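Everything below concerns the one structure shown next.
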Amino acid sequence: MFHGQFSAVMGPPSCGKTTLLRILAGRAHYGVQVGALRVHCEGSAADITVGFASQETAILPRLTVLEIFQHSAAIRLPVDYSSGGRAKLVKRREERQGLVEEVISELGLSEVRQRIHANNKIGGISHSQKQVVSIGRELVTNPTLLFLDEVLTGMTAAACVDLMAVLSTRQYAHGSSLAPSVPLHGSPLTSFHPIHSHVASQRKSQLWDASFGLRRDSAPQVGDSDALAP
């Protein structure tokens, strides 16, 4: 996976997509661990900010969308208590809030920012919006790498394409890398492979730059998006 690349991990159920993403994200703290993860062929994976969103992401249900983003930014972005004292701390808080507002706007969540995340009939948000919130909670940390573990499953094709266009534009603006896992069945991405005008003009017509195809009991396949498109 190269800097600024949009890579997809594709495969049928139970072929190891989640396991691979958890290993790459440094979250696989089980089994026999051999080798090491390197960033830019030299640094440790611990030296960069990694975002990881999945269908099982735990979010406090009684918080509003705005509070979820503020909480993530407050506990995960660095706070500089060096020279400058309280004035510098206030500035840092303002910067965090500015980033939160930016992400909410980019993801199209402005109209639901004060709604609670809980799954109730009054005052809640839709399933697709919950998926977007789980991704946005990671974006407010300005991750160098962002892993999406089938978090797009269950979203409408149109909502999925719009979201990927936003992520693509943000990726180029911030130079980050994105790696979503895509099931070969049941994902709107499989039927919306080319997105053309939906993305920023800098991107190619393909939805992703490279694909990693996984199958059970066989070696992984690596290639461009055309070669491994479902």
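Residue numbers (the numbering used here): 312 to 541.
Yeah, the Cβ is synthetic: ideal placement off N, Cα and C, and Gly gets one too.
Given the structure is predicted, the values throughout are model-derived calculations rather than measurements.
Taking the alpha carbon of residue i as the point to measure from, which residue in the options has its own alpha carbon closest?
| i | options | result |
| --- | --- | --- |
| residue 455 | 379, 371, 363 | 363 |
| residue 360 | 329, 459, 450, 371 | 450 |
| residue 478 | 418, 422, 445, 428 | 418 |
| residue 389 | 380, 448, 403 | 403 |
| residue 415 | 476, 376, 475 | 376 |
Quick check on residue i: does DSSP put it in helix, strand or coil?
| i | result |
| --- | --- |
| residue 464 | coil |
| residue 437 | coil |
| residue 319 | strand |
| residue 370 | coil |
| residue 459 | strand |
| residue 499 | No answer about residue 499 holds up, because its pLDDT of 49 lies below 50 and its placement is not dependable. |
| residue 512 | With a pLDDT of only 35 at residue 512, under the threshold of 50, the placement of this residue in the model should not be trusted; the figure read from the coordinates follows. Note: residue 512 maps to coil in three-state DSSP. |
| residue 394 | With a pLDDT of only 46 at residue 394, under 50, the local geometry of the prediction cannot be trusted, and no value is derived from it. |
Return the first residue and the last residue of the beta strand (DSSP E) that residue i is part of.
| i | result |
| --- | --- |
| residue 325 | Where residue 325 is concerned, there is no enclosing beta strand (DSSP E), given that its DSSP letter is neither H nor E. |
| residue 365 | 361-365 |
By a C-beta neighbour count over all protein chains shown, 10 Å radius and 16 as the cutoff for buried, is residue i buried or exposed?
| i | result |
| --- | --- |
| residue 405 | exposed |
| residue 325 | exposed |
| residue 425 | exposed |
| residue 369 | exposed |
| residue 436 | buried |
| residue 467 | exposed |
| residue 384 | buried |
| residue 319 | buried |
| residue 336 | buried |
| residue 461 | buried |
| residue 407 | buried |
Would the C-beta of residue i count as close to the ligand FAD, meaning under 7 Å from any of its heavy atoms?
| i | result |
| --- | --- |
| residue 424 | In terms of ligand content, the structure shown is empty, and the ligand FAD therefore cannot be addressed. |
In chain order, what residues of the same chain have a beta carbon less than 6 Å from the beta carbon of residue i, not counting five sequence neighbours either side?
| i | result |
| --- | --- |
| residue 333 | 339 |
| residue 330 | none |
| residue 387 | 452 |
| residue 509 | With a pLDDT of only 35 at residue 509, under 50, the local geometry of the prediction cannot be trusted, and the value read off the model is given with reservation. Once the five neighbours on either side are set aside, the close Cβ partners of residue 509 are 472, 476. |
| residue 442 | 462, 466 |
Grab the span of the alpha helix (DSSP H) containing residue i for me, first residue to last.
| i | result |
| --- | --- |
| residue 376 | 376-387 |
With a threshold of 7 Å on Cβ separation, who are the neighbours of residue i within its own chain once the five nearest residues in sequence on each side are excluded?
| i | result |
| --- | --- |
| residue 379 | 370, 428, 444, 448 |
| residue 421 | 415 |
| residue 413 | none |
Tell me which same chain residues have a C-beta within less than 8 Å of the C-beta of residue i, skipping the five on either side of it?
| i | result |
| --- | --- |
| residue 365 | 329, 445, 459, 460, 461, 462 |
| residue 411 | 377, 380, 381, 384, 451 |
| residue 423 | 376, 436, 440 |
| residue 438 | 465, 466 |
| residue 372 | 427, 428, 429, 430 |
Just checking: is the beta-carbon of residue i within a distance shorter than 8 Å of some beta-carbon in chain D?
| i | result |
| --- | --- |
| residue 388 | Absent from the structure: chain D. Only one protein chain is present. |
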